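A quick write-up on the structure given underneath.
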Amino acid sequence: MIVFQEVVKSYGSGVNALDGVSIQIPERDFVFLVGSSGAGKTTVIRLINCDQRPTSGAIFVDGINTGRLGRKDIPMFRRKIGVVHQDFKLLADRTVEENIAFALRVVDDYGLNSKERIHEALETVGLDRRSNSYPEQLSGGERQRVAVARCLVTNPAIVVADEPTGNLDPDSGRETMNLLVRINAAGTTVIVATHNQALVDTMQRRVIALENGQVMRDERAGGYVGG
Amino acid sequence: MANLRTFPYVLKSAFGSIWRNLEGTTYAVLTTAVMLLMFGGFLVVNDTLDRMIDALGRRTNMVAYLTDNALPSDTAELVTVLQNDPNVGQVTFISRDDAAAKFRDTLDELAEILDVIENNPFPASIEVRMNDPEAILALADELRSRTDIVEEVLVRDDVVSRLLYISQLVRLAGGVLLISIGLVTIFVIQNTIRLAVFSRRDEIEIMKLIGATDWFVRGPFVIEGAIIGFLGSAIASAVLVTGFARVGPRIESVISFLPIQTGAAFVSNVSVFTMVVGVLLGAAGSYLSVRRHLASIE
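Protein chains in written order, with the working numbering: chain W, 27 to 253; chain Z, 727 to 1024.
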């Protein structure tokens, strides 16, 4: 469960990126965060991942008040959360397999069965035959799927994706989104910040619309534009 | 440096980073080598000076002349106090009769003077030989304050104080030099590692997002810095050992009074110490560099 209680986030420019946001996202939920640029979508993602701290209000992730997390506790906290970015954030000098193995090493979970786990994650995203390729040898969609596989291999309880289809063509975008839906069906909470109106409209999932740092709409099964 | 399981990976990352930044690493290694060569050289100079002071100090006597009415019990007590002083090496009590006898022995032709004088004119005295020459002036002052039994204290103040002054000056200069060497070495390694951190900033960002601990991020850089320190100090040690083997005996033969140590044990001690310092400075430099970077991200 993710809970935002009257969360305000200010970057010191006088304008609040988030201005009194209160939302609840139960386990296994699939949520789209929509809104124009600067509406506060990325800030919500960064606050969930503890990449940012709220200026006021409280955020609870799995019962943990992130505002009170010490610097040393953040790494363990982040291991509960998988993050997918618009720009993939893959290491260019490492193969697909090495990129995923990297995640296991970082969370200190690289062991005897790691090869199998990596293979499994690549199979889930349909890239098990590209394990020896380098990111530059892959299409944008494939790179994003590698990023998702890197996310999956550590078994996070929550996956947050910030504009995961932003750099992809419509087909690759749809594939990536379907992948996130499958991950959600397997029991993972998925939160997707997106501009992709067509996908949001097609999928008819929970939509939280932000505008000027405030929640304008929270619909159980809605489209990009409320109606 | 999370644990033993991740250590091979951390080590591999460190060597990979060195390989990627070979030019910067070479520059850092050579600068560290020059700095540590100065450090090792200073250790040799300092040791030589210490030995000089020690040798000269041991030859220095202090004599406390006692008053004629000093009680034997007070004198015995003072001798005991001096004997128990760890800075004092040897204490010899010379009675008035002993002094007169010594005069007769050493200045045979003047011995008749003593026969003319009715009373023995020589005072009793205590001769003190120091273990720690640096303590001689303080001890002399202490003895002078015992006016009840001490008439006068003779100490070769000029030689001792000049020697101590030079020693203090060299130590002070050495301290400043050592601190400067340490700071410059840390600065050079810090900058080299900063470049390595910059070239791997994306990797660090991903690490942190996935949930890497600060130690997991720091580990490879700290090891990289330690390796630079180790290589630099190894070069410095090699130059020191070779230099000693070739130049040491020549210096010894030309300036034989200088107690320069050229033994293998001493040279290897200096080398080992230099290498330990090199590794520590390298690790410290890179630790500071990564810490600064990590502080800027969360």
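Here a beta-carbon is modelled for each residue, glycine too, at the ideal position from N, C-alpha and C. These numbers come from a predicted model, not from an experiment.
Range of the contiguous beta strand (DSSP E) that encloses residue i
i: residue 240(W); result: 240–245
i: residue 45(W); result: 42–51
i: residue 232(W); result: 232–237
i: residue 215(W); result: 215–219
i: residue 851(Z); result: 851–856
Among the options, the one whose alpha carbon lies nearest that of residue i
i: residue 89(W); options: 57(W), 50(W), 117(W) and 68(W); result: 50(W)
i: residue 908(Z); options: 1022(Z), 1016(Z), 740(Z) and 1010(Z); result: 1010(Z)
i: residue 220(W); options: 236(W), 120(W) and 209(W); result: 236(W)
i: residue 80(W); options: 57(W), 98(W), 42(W) and 139(W); result: 42(W)
i: residue 190(W); options: 204(W), 183(W) and 73(W); result: 204(W)
i: residue 292(W); options: 224(W), 207(W) and 185(W); result: A query on residue 292(W) cannot be resolved here, the shown segment of chain W reaching from 27 to 253 and no further.
i: residue 804(Z); options: 870(Z), 905(Z), 932(Z) and 913(Z); result: 870(Z)
i: residue 770(Z); options: 1008(Z), 1015(Z) and 992(Z); result: 992(Z)
i: residue 846(Z); options: 861(Z), 825(Z) and 832(Z); result: 825(Z)
i: residue 932(Z); options: 39(W), 96(W) and 109(W); result: 109(W)
i: residue 921(Z); options: 817(Z), 1012(Z) and 814(Z); result: 1012(Z)
i: residue 796(Z); options: 872(Z), 938(Z) and 738(Z); result: 872(Z)
i: residue 255(W); options: 182(W), 228(W), 239(W) and 227(W); result: Lying before the first or after the last residue shown, residue 255(W) is absent from chain W, which here runs from 27 to 253.
i: residue 750(Z); options: 969(Z), 923(Z), 939(Z) and 960(Z); result: 923(Z)
Chain Z within 9 Å of residue i, Cβ atoms only
i: residue 101(W); result: yes
i: residue 75(W); result: yes
i: residue 128(W); result: yes
i: residue 136(W); result: yes
i: residue 171(W); result: no
i: residue 109(W); result: yes
i: residue 180(W); result: yes
Alpha helix (DSSP H) segment containing residue i, residue limits
i: residue 226(W); result: 223–229
i: residue 830(Z); result: 822–832
i: residue 186(W); result: Not the alpha helix (DSSP H): residue 186(W) falls in the beta strand (DSSP E), residues 184–188.
i: residue 933(Z); result: 927–936
i: residue 205(W); result: 196–211
i: residue 131(W); result: 122–132
Whether residue i touches residue j by CB criterion (9 Å)
i: residue 201(W); j: residue 179(W); result: no
i: residue 54(W); j: residue 215(W); result: yes
i: residue 1004(Z); j: residue 964(Z); result: no
i: residue 232(W); j: residue 56(W); result: yes
i: residue 134(W); j: residue 731(Z); result: yes
i: residue 949(Z); j: residue 1023(Z); result: no
i: residue 916(Z); j: residue 756(Z); result: no
i: residue 73(W); j: residue 30(W); result: yes
i: residue 111(W); j: residue 188(W); result: yes
i: residue 936(Z); j: residue 1016(Z); result: no
i: residue 122(W); j: residue 62(W); result: no
Cβ neighbours of residue i in the same chain (closer than 8 Å, five flanking residues each side left out)
i: residue 125(W); result: 116, 117, 161, 172 and 176
i: residue 792(Z); result: 801, 849, 850, 851, 852, 875, 876 and 877
i: residue 928(Z); result: none
Any C-beta of chain W under 9 Å from that of residue i
i: residue 937(Z); result: yes
i: residue 933(Z); result: yes
i: residue 735(Z); result: yes
i: residue 732(Z); result: yes
i: residue 727(Z); result: Low local confidence applies: a pLDDT of 44 at residue 727(Z) is under 50, so the model's placement there is unreliable, with the coordinate-based value given in what follows. No, residue 727(Z) does not count as interfacial toward chain W.
i: residue 929(Z); result: yes
i: residue 947(Z); result: no
i: residue 942(Z); result: yes
Own chain, CB closer than 6 Å to residue i, minus 5 neighbours either side, in chain order
i: residue 789(Z); result: 851, 853 and 880
i: residue 996(Z); result: 766 and 769
i: residue 83(W); result: 31, 32, 33 and 34
Residues near residue i by beta carbon distance below 7 Å, same chain, minus five either side
i: residue 252(W); result: 235, 243 and 245
i: residue 152(W); result: 171
i: residue 821(Z); result: 850
i: residue 741(Z); result: none
The ligand NAP heavy atom lying under 8 Å from the CB of residue i
i: residue 977(Z); result: Absent from the structure shown: the ligand NAP. Ligands present: none.
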